[in-house]
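Following: one structure in structure tokens, then a few remarks.
Following this line, the structure appears as structure tokens:
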């Protein structure tokens, strides 16, 4: 992509700074300037990938993520009317988790001035208007009431109201599933042994390959179309970028509506014009039998629709790059070809295509990777049903559909490793690819 | 091409050779079939009538027009003559079908008669245009290749315009039509302007007020603008360091920027979800303001780096000699020179942040902090009419489209300069 940009080789200028002090200062400055970018990219991109490997070896459910908490609420049982009467409070205590034990539970509450302790529960002390209770360990599902009372003085009666008696503050230690040192391979076993895993792999491959090729092919056609001078060319170029620029959620819902078999306009138009015999549910029917020239073919319908959607949505990307490349092909090449008697087809085949080969292979690489990783489109169009479940959708299904974070992470690890393997193979076998 | 027309003037034979005539007939038939189909579909969508597409007629008339035009030598005349002949053919066609060319069962002055006249005049014009500068009396292989290419171009224009415009047109229409209107005539995609405006825009009112989209617009704008600012500040510093400063590992940094945007977002979701839940950053816009810049910084850095490399160093060095600090140099010299690139990056980042779905969907639970993408999910349910969903879709799409058309030059520059992720 960046072939045109010269890499900034330090030029041989007379001022070659070789003083170590200056160089060191420059390096330090560079480090400071790059630090924010590094920190944010490391925490949000690199760290999660590593964390994914970590989580994939742990049995973590979605519900384990919310750490168990010690909860306490205050209820006023008796509020004193005059000095010498008792203030009675009940603290309702609860462990938010049903099965995780909480340790070292400590409750603290600050109370209005003018109280002296009357009857405090075990483990509680009251000094300087602050109540501190050391409550030890709570089992999962723990539920208890703490009854406390104080004697009120005139200060309290004068200054305090019931609103001043707020909920106490509780701290506790809970074991964290994510930071423990226990590992297991169960997640990977579960992912790979699931019946749909291998079909998912096949679907992913088909979706990626055809989606990438489709968008590049459409982009090539569009670029070929716009590679000439005509009125309103700029406007048309802008229009062609629409599918790519529009928010995915808007276009996905629009296409779902358009393709709906009952109220969708595309089916209605097709029926009216006699193109379709009966309404077709493009996004929810797994397969469709087509007879083509007497041949019975089974078309994976929903998958095809999703692939076509992707080709539609991403062709502008390919289009822009190919068009830019077109305009860089020297006109002299075509002139000399014409002199040699080459027709338009020959010119396309022997001049245009070879000139485009680099940009097309780069586009293929990018589109392949991004389509392979693509989650939004399929998730919004079909939710992964009707034979359209790809690996990214499986990650989501496992992690959040099954509420099994560990399995989701294991699926993500598989996805990541496959992608990395593809990249390694690609870069090993393509000469000088950027 | 000029050569071909010179030849055609010098030849004395007036009738085309058989292959040339056949080719002209094919051009005519294809053009006419394309335009007549277009007319039929538009009529079906925009008028109350249902149509039967007269393909047979179209092919016949088109072939005839092509044959007649192939006999004309003067290519200056072809288009005008084609249009006139087309009008004539339309008159004949109307006469033969009793003023009902699309089989409505009645006479329609606009869709039937007007449609036929316009369509066939246009067809004749296009056939003339398609046959310009061709030597049909002595066709060579080139001639046929040119004809095929011109036909493909014609189909290509219609194809691309329809796949790009139709879904967006449908989105708008569907946001203005109630369910009852749709069920009554699902192929009618005309906007009914005869009703009161408040009825026409009921979907928008409901979505903005009752479904709180007015609030989501603010949230989305806030998130997108903050993302742009954070990204720009961090990326400018980073890109400057990579292009202008010498430090160990500079090459490596330059290279790895590219790799970062190959990382699949879905792989990041599971761990980020886990960690953000535990840090209580999840159901908060702050969480998005951490995640979005992380996704856009590599691209922004890459785009800015490419641009900074094209700027001359001399100016900056002069600034340094005059006693500016590095940051003054960046602020006073580099940035003012980079306004186009900064605009590209800003627009591009804005677009990504505005359109982002996955993290907004995973992270946001409380309705008062939803972004538009997240809010849309709530509209996609059985209980909410599709009209409202489409109104929401228009609300999400329009701002980005307006910005896009306003600054198209910059955005296209940005899209191509950076390599770019969606």
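Residue numbers (my numbering), protein chains in the order written: chain A, 12 to 445; chain B, 1436 to 1857. Note that the Cβ used here is the ideal one computed from N, Cα and C, for glycine as well.
Below-7 Å beta-carbon distance, residue i vs any chain B residue
i	result
residue 437/A	no
residue 258/A	yes
residue 70/A	no
residue 417/A	no
residue 242/A	no
residue 340/A	no
residue 440/A	no
residue 166/A	no
residue 431/A	no
Residue range of the beta strand (DSSP E) that includes residue i
i	result
residue 176/A	Segment: none, residue 176/A is in no beta strand (DSSP E) and carries neither H nor E.
residue 137/A	135-138
residue 1512/B	No beta strand (DSSP E) contains residue 1512/B, which DSSP labels as neither H nor E.
residue 88/A	81-89
residue 155/A	154-163
residue 1690/B	Premise fails: residue 1690/B lies in the alpha helix (DSSP H), 1685-1695, not in any beta strand (DSSP E).
residue 147/A	141-149
Short CB-CB distance (under 7 Å) between residue i and chain A
i	result
residue 1790/B	yes
residue 1697/B	yes
residue 1811/B	yes
residue 1682/B	yes
residue 1599/B	yes
residue 1673/B	yes
residue 1808/B	yes
residue 1648/B	no
Residue range of the alpha helix (DSSP H) that includes residue i
i	result
residue 411/A	That residue, residue 411/A, is in no alpha helix (DSSP H); it is neither H nor E in DSSP.
residue 1654/B	1648-1679
residue 351/A	From DSSP, residue 351/A is part of no alpha helix (DSSP H); its letter is neither H nor E.
residue 1616/B	1614-1619
Environment of residue i [buried if 16+ CB atoms lie within 10 Å]
i	result
residue 1818/B	exposed
residue 385/A	buried
residue 1395/B	The structure shown has nothing for residue 1395/B, since chain B only spans 1436 to 1857.
residue 257/A	buried
residue 1717/B	buried
residue 440/A	exposed
residue 1821/B	buried
residue 88/A	exposed
residue 1509/B	exposed
residue 1756/B	exposed
residue 336/A	buried
residue 1497/B	buried
residue 1612/B	buried
residue 1518/B	buried
residue 74/A	exposed
residue 283/A	buried
residue 1791/B	buried
Separation of residue j from residue i, as counted between CA atoms
i	j	result
residue 1707/B	residue 1647/B	28 Å
residue 1522/B	residue 279/A	32 Å
residue 1535/B	residue 392/A	41 Å
residue 1551/B	residue 1530/B	11 Å
residue 1699/B	residue 427/A	8 Å
residue 132/A	residue 174/A	23 Å
residue 1805/B	residue 1793/B	13 Å
residue 1567/B	residue 1513/B	7 Å
residue 17/A	residue 246/A	Because residue 17/A carries a pLDDT of 44, less than 50, the predicted location of this residue cannot be relied on, and the following value inherits that uncertainty. Between residue 17/A and residue 246/A, the C-alpha separation is close to 32 Å.
residue 142/A	residue 109/A	27 Å
residue 1594/B	residue 418/A	44 Å
residue 93/A	residue 160/A	15 Å
Heavy atom of the ligand MG within 6 Å of residue i beta-carbon
i	result
residue 260/A	The ligand MG is not part of the structure shown, which contains no ligands of any sort.
Within chain B, partners of residue i - CB distance below 8 Å
i	result
residue 427/A	1699 and 1702
residue 203/A	Near residue 203/A there are no residues of chain B at all, since even the closest Cβ is about 18 Å away, more than 8 Å.
Closer than 7 Å at the beta carbon, the chain B residues around residue i
i	result
residue 63/A	1702, 1705 and 1706
residue 387/A	1792 and 1793
residue 354/A	1576, 1577 and 1580
Contacts of residue i in chain A (Cβ-Cβ under 7 Å)
i	result
residue 1561/B	Residues of chain A passing the Cβ test: none, with the nearest at roughly 14 Å.
residue 1712/B	76 and 77
Chain-ordered chain B contacts of residue i [CB-CB under 9 Å]
i	result
residue 249/A	1839, 1840, 1843 and 1847
Contact list for residue i against chain A, beta-carbon separation under 9 Å
i	result
residue 1591/B	232, 233, 235 and 236
Under 8 Å from the C-beta of residue i: neighbouring residues of chain A
i	result
residue 1709/B	62, 66, 71, 76, 189 and 416
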